[in-house]
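Participant: In the working numbering, the protein residues as written are 292 to 997.
From the three backbone atoms N, C-alpha and C, an ideal C-beta is built for every residue, glycine too.
If you're wondering where the values come from, they're calculated on a predicted model, not measured in any experiment.
Before I ask anything, let me first share the structure, which is written out below as structure tokens.
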């Protein structure tokens, strides 16, 4: 036995370390051999790469390089001075997530380069090949005594092989709350004046670029998604679009205050540049490449956070029923900052107890309370928002001691809310005090917001300065055993593997746009696009579960553009370890469909994509951890369709109580959105079921293990 262990240990070390020296073969294959990434130096000595899938070119030869503020570009005149290859195969466990166990299996190639002439700069390139995609990053050494590097831009090319169908949103430096557009790559046109500025508080789009993830479908059905992983002390990457040459090139978000994109002490590694490559759309969702490219858990035991469903004093503000501010000078109907309105303050002790009672009676474990602290009268629309908020002082009508006492008595956890109004320096000054208050009240999760243009001027939400702030926020919260859900965030890049207190984030046009957006809200194809684009980056706090689809009597000109059945399906389709029952308690009273929200899980043993096409439809099945219960959700765009589901993923030795919630025959996202059928059915592992989805509709199935 000991001898066998020794042999296995030697094998593991050998496959991890690989061999050193000059590489004679600079093509790196994935473990199954289906994908390959090839490195070469071109005639000018510039590093290049090329990607193939089963011998077919996916990314044509593309150059790699950098521009700097204080030295010549790093774009050529390199020679290879060393390198090695290695293999890693491991299985790691998510403390919470789409699945419990994740296989991390890849081949890696390190390429060491040095300039032939002065200043003889050195750089290493790391390539990884997985069965579901490829990734690469740059590593900068100290250069001739220089201990800091100032990057004006990164110039990594992605040369496409055709005019692929593309799902994209503008390369906005400040916000990801733009709609995704479907077009041919050659038809991408990002015009700042065409952007949906009327619905956004902050936006900055300086060039014809797209944000990541950006998803593409090739003519043969191969699907691609371009993104980045492990974004740390670096600027967010947009992709500059060349529609004529069918190419993209990395373009980093700049600091206009300091005149650069990135400034870092040497040595350091950049984030990974990632290309997920799959045979079909569903496999993109099942890919774990982004989290696998991050380091293992550094926080250790995070059992102080529990995935949960929650409610919120939140939707009533978006409907204009209540205000965030005690002074009642602002509401979502008018953004009025001049005179009082007739609506009430939402975050009162009495109102909080009303929500706590409803949550406790329905097995919902959390309550988010927005507008509880002073400062809301001047949180938006004011140029100087520094020092407006503190994060410990409640309004006079909110007794935090009593609310927490009452919630604890009823088994409900209060979720803290910190709106920074995009003044991160104020927030950083108060973080310890704010988290100490949470620790006092045994609160373990916070929703933070960054609405508005960043203060100071010249910084943007997606630049290096703010990336560092978001990560500092996460680390400081972890010191106090607090999990963070960030709105108006930097993009997700898989850091939740390393820091599992990073539980969710917004980073898309959320449900609230349906309440007040002047363009009619999110169209029916929005979420079938989101599942294959934004969701590939990581968990989404989308806030599903609106039952009052027409928003009556609060919003005459707005509505949610889905059926009620689709709102249920979103609890399965759109992943997050926290899921909001977003509507008002009174909207759920007497509604049989609310039983699905009571039953549905939030933490998963495994997740399976049963079918899907980007922007059209998707069906996902997820098994709940510990219980063995399964839940299935399917959604469609504005087209009605018929989907057939096979249940061979079920345990053949188990029986289930099965309830299906589906669009009724007369359902329609606009004409009759709340028409729903609920029935108990017989299902086992040998069953298949054909379901009719209405326009903008969906279905949800609970399979509770007997």
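Taking the DSSP output, what are the residues bridged to residue 903?
Facilitator: Paired residue(s): 909.
Participant: Let me make sure I understand the geometry here. Which of 528, 329, 575 has the alpha-carbon closest to that of residue 315?
Facilitator: When each option's Cα is compared against that of residue 315, the closest is 329.
Participant: Exposed or buried, residue 809, counting other C-beta atoms within 10 Å across all chains shown (16 or more means buried)?
Facilitator: Exposed, because fewer than 16 other Cβ atoms sit within 10 Å of the Cβ of residue 809.
Participant: Let me make sure I understand the geometry here. Which of 566, 322, 334 has the alpha-carbon closest to that of residue 369?
Facilitator: Answer by Cα proximity: 334.
Participant: Going straight from the alpha carbon of residue 806 to that of residue 844, what length do you get?
Facilitator: The alpha-carbon atoms of residue 806 and residue 844 are separated by roughly 12 Å.
Participant: Which residue from 505, 422, 876 puts its Cα closest to that of residue 655?
Facilitator: Of 505, 422, 876, the residue nearest in Cα terms is 876.
Participant: Does residue 755 pass the burial test, meaning 16 or more other C-beta atoms within 10 Å, or should it be called exposed?
Facilitator: Looking at its Cβ environment, which holds 16 or more other Cβ atoms inside 10 Å, residue 755 is buried.
Participant: Find out if the Cβ-Cβ distance for the pair residue 500, residue 543 is shorter than 8 Å.
Facilitator: No.
Participant: Could you tell me which residues DSSP pairs with residue 944 in its beta bridges?
Facilitator: Looking at the DSSP assignment, residue 944 forms no beta bridge with any residue, so it has no partner.
Participant: Using CA atoms only, rank isn't needed, just tell me which of 847, 478, 584, 687 is closest to residue 789.
Facilitator: The option with the nearest alpha carbon to residue 789 is 584.
Participant: Grab the span of the alpha helix (DSSP H) containing residue 878 for me, first residue to last.
Facilitator: Looking at the DSSP string, the run of the alpha helix (DSSP H) that includes residue 878 is 876-879.
Participant: What are the boundary residues of the beta strand (DSSP E) that residue 776 is part of?
Facilitator: It spans 774-777 - the beta strand (DSSP E) in which residue 776 sits, taken as one unbroken run.
Participant: Less than 8 Å between the C-beta atoms of residue 900 and residue 819, yes or no?
Facilitator: No.
Participant: Which complete beta strand (DSSP E) runs does the stretch 588-622 hold, if anything under 3 residues is left out?
Facilitator: Within the stretch 588-622, the complete beta strand (DSSP E) runs of at least 3 residues are 599-604.
Participant: With DSSP run on the structure shown, which of helix, strand or coil describes residue 355?
Facilitator: Coil at residue 355, not helix or strand.
Participant: Residue range of the beta strand (DSSP E) that residue 573 falls in?
Facilitator: No beta strand (DSSP E) contains residue 573, which is instead part of the alpha helix (DSSP H) from 572-577.
Participant: Can you tell me the Cβ-Cβ gap for residue 519 and residue 784, rounded? I've got them flagged as a contact below 8 Å.
Facilitator: Yes, residue 519 and residue 784 are in contact; Cβ-Cβ is about 6 Å, under 8 Å.
Participant: Go to residue 583, then tell me how far its beta strand (DSSP E) extends in each direction, as first and last residue.
Facilitator: Not the beta strand (DSSP E): residue 583 falls in the alpha helix (DSSP H), residues 580-583.
Participant: Please name the residue in 975, 970, 966, 973 whose C-alpha comes closest to that of residue 985.
Facilitator: Nearest C-alpha to residue 985: 966.
Participant: I'd like to know if residue 448 contacts chain B, where contact means its C-beta is closer than 8 Å to some C-beta of that chain.
Facilitator: Among the protein chains of the structure shown there is no chain B, as only one such chain exists.
Participant: Excluding the 5 residues preceding and the 5 following residue 626 in the sequence, name in chain order all residues of the same chain whose CB lies nearer than 7 Å to its CB.
Facilitator: Only weak support is given to the placement of residue 626: the predicted model assigns it a pLDDT of 42, under 50, and the question is left unresolved by the model.
Participant: Taking its Cβ as the centre, do 16 or more other Cβ atoms sit within 10 Å of residue 521, making it buried, or is it exposed?
Facilitator: Its Cβ being crowded by 16 or more others within 10 Å, residue 521 is buried.
Participant: So, with DSSP's three-state summary, where would you put residue 630?
Facilitator: Annotation note: pLDDT 42 at residue 630 (below 50); position unreliable, no value reported.
Participant: Closest by CA to residue 517, which one among 411, 524, 507?
Facilitator: When only C-alpha atoms are compared, the closest one is 507.
Participant: Three or more C-beta pairs under 8 Å: does that hold for the stretch 891-900 against the stretch 658-669?
Facilitator: Cβ pair count under 8 Å is below three, so no.
Participant: Figure out for me which residue from 786, 958, 925, 919 has the closest Cα to the Cα of residue 946.
Facilitator: Nearest C-alpha to residue 946: 919.
Participant: How should residue 954 be labelled, buried or exposed, when 16 other C-beta atoms within 10 angstroms of its C-beta is the threshold for buried?
Facilitator: When all chains shown are included, residue 954 counts as buried.
Participant: What are the boundary residues of the beta strand (DSSP E) that residue 442 is part of?
Facilitator: Segment 439-445, the beta strand (DSSP E) holding residue 442.
Participant: Report the option in 780, 715, 438, 392 whose CA atom is closest to the CA atom of residue 557.
Facilitator: Residue 557 has its Cα closest to that of 438, out of 780, 715, 438, 392.
Participant: Kindly list the residues whose CB is nearer than 8 Å to the CB of residue 747, restricted to its own chain and excluding five residues on each side of it in sequence; keep chain order.
Facilitator: 548, 716.
Participant: Out of curiosity, what's the CA-to-CA distance linking residue 343 and residue 777?
Facilitator: Using only the alpha carbons, I get a separation of about 37 Å.
Participant: I'd like to know whether the C-beta atoms of residue 742 and residue 768 end up nearer to each other than 8 Å.
Facilitator: No. Outside cutoff.
Participant: Compare the C-alpha of residue 694 against each of 421, 856, 678, 733 and name the closest.
Facilitator: The residue with the shortest Cα to Cα distance from residue 694 is 733.
Participant: Does the contact criterion of 3 or more C-beta pairs under 8 Å hold for the stretch 350-359 versus the stretch 453-463?
Facilitator: Cβ pair count under 8 Å is below three, so no.
Participant: Three-state secondary structure (DSSP) at residue 503?
Facilitator: It is coil, neither helix nor strand.
Participant: Would residue 725 pass as a contact of residue 745 if the rule is Cβ separation under 8 Å?
Facilitator: Contact flag unset, no.
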